[in-house]
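Quick notes on the structure that follows.
Protein chains: 2
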Amino acid sequence: MDKKLVEEITSREENFTQWYTDVVLKADLISYSGIKGFTVMRPDGYAIWEQIQQHLDARFKQTGVRNVYMPMLIPESLLQKEKDHVEGFAPEVAWVTHGGQEELTERLCVRPTSETLFCDYYKDSIRSYKELPQLLNQWCSVVRWEKETRPFLRGREFLWQEGHTAHATAEEAEERTQQMLQVYADFCSEDLALPTIMGQKTEKEKFAGAKATYTIEAMMHDCRALQAGTSHNFGDGFAQAFGIQYAGKDNQLHHVHQTSWGMTTRMIGAIIMVHGDNEGLVLPPKIAPVQIVIVPVQQKKEGVMEAAESLLTALKEKLPERALRFKIDDTDRSPGFKFAEAEMRGIPLRIELGPRDIAEGQCVMVRRDTREKVTCPIAEAPERADALLSQMQKELYDRALAHLESHIEDTKDAASFEEYFKETKGFARAMWCGDRACEDKIKEDYGVTSRCIPFGQKRLSDSCVCCGKEAKHMVLWGRSY
Amino acid sequence: MDKKLVEEITSREENFTQWYTDVVLKADLISYSGIKGFTVMRPDGYAIWEQIQQHLDARFKQTGVRNVYMPMLIPESLLQKEKDHVEGFAPEVAWVTHGGQEELTERLCVRPTSETLFCDYYKDSIRSYKELPQLLNQWCSVVRWEKETRPFLRGREFLWQEGHTAHATAEEAEERTQQMLQVYADFCSEDLALPTIMGQKTEKEKFAGAKATYTIEAMMHDCRALQAGTSHNFGDGFAQAFGIQYAGKDNQLHHVHQTSWGMTTRMIGAIIMVHGDNEGLVLPPKIAPVQIVIVPVQQKKEGVMEAAESLLTALKEKLPERALRFKIDDTDRSPGFKFAEAEMRGIPLRIELGPRDIAEGQCVMVRRDTREKVTCPIAEAPERADALLSQMQKELYDRALAHLESHIEDTKDAASFEEYFKETKGFARAMWCGDRACEDKIKEDYGVTSRCIPFGQKRLSDSCVCCGKEAKHMVLWGRSY
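Order-wise, the sequence lines are chains H and Z. Counting in the numbering used here, the first sequence runs from 394 upward without gaps. Counting in the numbering used here, the second sequence runs from 394 upward without gaps.
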């Protein structure tokens, strides 16, 4: 393979952080903009986000959710209506103080999240129980004035979806909160080939203004945790603060119960850090913008381009639901360069087709993840390609799950907890007393944070691994992004 | 029809402006937010935008365009790099002066349009002729601090797409500028059933920083003009200002030639004002989020809901490409209310199905635009529905074209020009000397602006209808939104 033609990336084993940055830049996903903390999502990066949007949006709509668009700016007085919420967000928002030539009488912040806007809308539009539930979502960008930034993982602006629902009862709100967490978990496992651990955030880690925050936590290749999606139950706290009431069947006024849930462009970072390797990006077939690239070899020889075109046509005809996601690389560069570039960009399947292959009625298929070569009769190419893509999707998940399972451990006491985090970088499950002080101390001592209180609690021991007092919950601990 | 149950809207003939606002609000497209000049796009409004996005995005991608995402904020120094551009936009932008707790060293504006950001990106990413053309687009929201605002037509924030391309030659840039204008015109006529007039903007009306601006102009039902989409050729002006150069085949450095083109959520306003009527919204089938609503009559009687469900299944099976855009209204309200509501929301086709119909093996189809009732055997419903939707799409266009053609006139001299605009509200074509002074005077005297210098120029007379001097161009004049 013509390695020299494709710029090399740092080895993942040598320097994971640099490897990540190299892949992001060399696979043309992002480029830095002239504005600190803001990036440009380039076509190959944005195309992945478009796939994520399509898959996730379809899953939302299946549960009855509809999309809306709220204003980008929030008046300071509106942001301040819910006490915990403003405390959590006010320190990190961008403030608009002038519109055109005039100074504004009240400053407006660029939305860091839109709970307050949805509340303002619900306050005016919900009258009766007949208008409940309200199941709304929006796709937009938000701004948070972060100090440290990293492509996809943390930026001053990022793209996301934020769902906001309003319900008649506390039970319905809780059910929806968990339903959407499940939607995220299914999307991660089925579409992104990303296993996650579901659970509840501790008081310290929950969302500003929420009664309960649920999360799915994924493990990256370097064994650090990435919070992949969160779903919040607000109870009627926001409804009390904003005065969102409905007339029930009983003709009395009641406060609504609300939820919100979000997933962001950081999922692209998760895909890179879970599936990527030393050749670059590896995209799960289901969300790969290009699933198959046909690389003609000796493309100027008679019949080669024709054979490539007719193979493309056959693929499109036999696999109509994937038809838009195949291409031929007919650019004027060497096959070796094209192979390496297709690998850098993470295209799941490459089909090589040269004069000798054509003479023998065959082509060569190469899976991106295993880089295994399979020779296949041209006539059978569509079926084989389809099977290889499905197999790759499944095996990416299996491999990620195996990685997670081999880097997670149950620790029963302080000694084994300490030993674990001295020696490894993985996740540990351990019992916790429920006190913030222990959570803070564990972070200070080991650099790990409580990722969540996992669903499916087990009683590993009776005492907190930090203070030794009576244990309340089993917590998942790990270093996080 | 149970009219009383649906709130009435102002008559379109009595007060067009109020009728428009009534439709926007009562069809649940938009609600006003608590922030002056900002609106909430509600689910039924946003669903139309999603349809517009899908159709337009597919047309862009067919021409090789790819999507990206640029930062939302622009440093003041970047905005100022192109002299005409900053003069045009600086007076109407929103300024961010604080990030978190800190005052920024340089203020940032919320993008009113992103030419400067694309230029900044192209400056760093274009090196050689091999990287040209660059055909990029983004879907986003922009902020312009307008004084007067109206739902969809003019707001302090609106959603749009903005395409930005860079080319090796002036010819290619001009070709792309016109190609995208044609894409807009085709989208309007084929998808929105909206005839438009294509032409070039005068110097006065062109985009800040452009060498030439092309436009498509549509006529609303009240005969006023709406600028539906614009496409700009920047020549190498921005490239000079930003230093965007590429190494050509000749090994010399050359400036790129650029274009930009945009279409916004105001198209939803155009759909309302061209196709709507006194019953509410009328959506062209191709972009209607719901194309067919089945209204069961006496739905609690045995067999009615079953028949409705089986009709829905048959429609989905026979018309798979439309399958997601059918629904049954099984809510607990009277059929008359449902009919009126479906009309208010502009659903193209309604199918009524009651016990008597079922006994006779038939259903009743009602087109939204003509409100004509057609009785049809249930077995033939999918084919008939499909045909009615296609027919409605075509006839909406034909009707809008007839309206445009009957309200446009060629005026050959000052007297007939004056007479025309005293008596009617339509468009007039008339000769113009090319002087800004005449353009200003005509606006002052008649309240009309130059909409464009239409393609397919004719020489209606030899002298300007304003000053009598030698004519240079035939101009389309009209009152505009």
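In this text, a Cβ means the ideal position worked out from N, Cα and C, and glycines have one as well. Please read all numbers here as calculations on a predicted model, not as lab measurements.
Using 8 Å as the threshold, is the C-beta distance between H/H448 and H/I661 below it?
no
From the beta carbon of H/E443, is the nearest beta carbon of chain Z less than 8 Å away?
Yes, H/E443 counts as interfacial toward chain Z.
For H/L869, which of H/D803, H/C826, H/G840, H/A807 has the nearest alpha-carbon?
H/D803
Does H/W538 get closer than 8 Å to chain A when you measure Cβ to Cβ?
Looking for chain A here will not work: the only protein chains present are H and Z.
Between Z/V675 and the rest of its own chain, which residues show a CB-CB distance below 6 Å, the 5 nearest in sequence each way excluded?
H668, G669, G739, R761, D762
Since H/C831 is in the beta strand (DSSP E), which residue starts that stretch and which ends it?
Element bounds for H/C831: not the beta strand (DSSP E) but the alpha helix (DSSP H), 829 to 839.
Please identify the residue among H/Y515, H/F551, H/M465 whose C-alpha is closest to the C-alpha of H/F431.
Among H/Y515, H/F551, H/M465, the Cα nearest to that of H/F431 belongs to H/F551.
Does H/R452 have its Cβ less than 8 Å from a Cβ in chain Z?
no
Excluding the five sequence neighbours on either side, which residues of its own chain have a C-beta within less than 6 Å of the C-beta of H/T608, listed in chain order?
K594, Q620, T623, C845
By a C-beta neighbour count over all protein chains shown, 10 Å radius and 16 as the cutoff for buried, is Z/D725 buried or exposed?
Here Z/D725 is exposed. Its C-beta has fewer than 16 other C-beta atoms within 10 Å.
Going by the beta-carbon positions, is the gap between H/R743 and H/A735 smaller than 8 Å?
At the C-beta level, H/R743 and H/A735 come within 8 Å of one another.
Can you tell me whether DSSP reads H/M394 as helix, strand or coil?
Its pLDDT being 45, under 50, H/M394 is placed unreliably in this model, and the value from its coordinates should be taken loosely. Correct three-state label for H/M394: coil.
Apart from the five residues just before and just after Z/T403, which ones in its own chain have a Cβ nearer than 7 Å to its Cβ?
Q411, W412, D415
Would you list the residues sitting across from H/Q473 in a DSSP beta bridge?
Beta-bridge pairing links H/Q473 to no other residue.
Check the DSSP bridge columns for H/A611 and list the partner residues they point to.
H/L619
Would a check of beta-carbon distances place Z/P713 closer than 8 Å to chain H?
no
Please tell me whether H/R459 has its Cβ less than 8 Å away from any Cβ of chain Z.
By this cut-off, H/R459 is an interface position.
What does a CB cutoff of less than 6 Å around H/C859 pick up in its chain, not counting 5 residues either side in sequence?
C831, K834, I835
Z/F431 touches chain H at which residues, Cβ-Cβ below 9 Å?
M463, P464, M465, L466
For Z/S426, which option in H/V503, H/H478, H/E508, H/Y514 has the closest C-alpha, if you only look at C-alpha atoms?
Among H/V503, H/H478, H/E508, H/Y514, the Cα nearest to that of Z/S426 is on H/Y514.
Determine whether the beta carbon atoms of H/H800 and H/M612 lie at a separation below 8 Å.
yes
Spatial neighbours of H/G393 within its chain, please: C-beta separation below 6 Å, excluding the five flanking residues on both sides.
Any property of residue 393 of chain H remains undetermined from this structure, which presents chain H solely from 394 to 874.
For the alpha helix (DSSP H) holding Z/T570, just list the boundary residues, first then last.
From DSSP, the alpha helix (DSSP H) with Z/T570 extends over 563 to 579.
Between H/V683 and H/E745, how many whole angstroms is the CB-CB distance? I'm expecting something under 8 Å.
Approximately 16 Å separates the beta-carbon atoms of H/V683 and H/E745; this is outside 8 Å, ruling out the contact.
Would Z/T498 pass as an interface residue toward chain H - the criterion being a Cβ-Cβ separation below 8 Å?
False, the Cβ-Cβ gap to chain H never drops below 8 Å.
Taking the alpha carbon of H/Y577 as the reference point, which residue from H/V503, H/D450, H/L466 has its own alpha carbon closest?
H/D450
Rounded to a whole number of angstroms, what is the C-alpha to C-alpha distance between H/E524 and H/N408?
H/E524 and H/N408: Cα-Cα distance of roughly 54 Å.
To which residues of the same chain is H/R435 closer than 7 Å at the C-beta, ignoring the five residues directly before and after it?
D421, L422, I423, S424
Quick one: measure Cβ to Cβ for Z/W553 and Z/M656, integer angstroms, because I've assumed they're closer than 8 Å.
6 Å
According to DSSP, simplified to helix, strand and coil, what is Z/A864?
coil
Note down the Cα distance separating Z/D579 from Z/M867, rounded to an integer number of angstroms.
24 Å
Let's see if you can read the secondary structure: which residues bound the alpha helix (DSSP H) around Z/W442?
436 to 455
Quick check on the burial criterion: 16 or more other C-beta atoms within 10 angstroms. Buried or exposed for Z/G602?
buried
According to the neighbour-count rule (16 or more other Cβ atoms, all chains shown, within 10 Å of its Cβ), is H/T498 buried or exposed?
exposed
Please report the straight-line C-alpha distance between Z/K642 and Z/Y522, rounded to a whole angstrom.
Going by the C-alpha atoms only, they are around 7 Å apart.
What residues in the region 607 to 637 of chain H have a beta carbon less than 9 Å from any beta carbon of chain Z?
none
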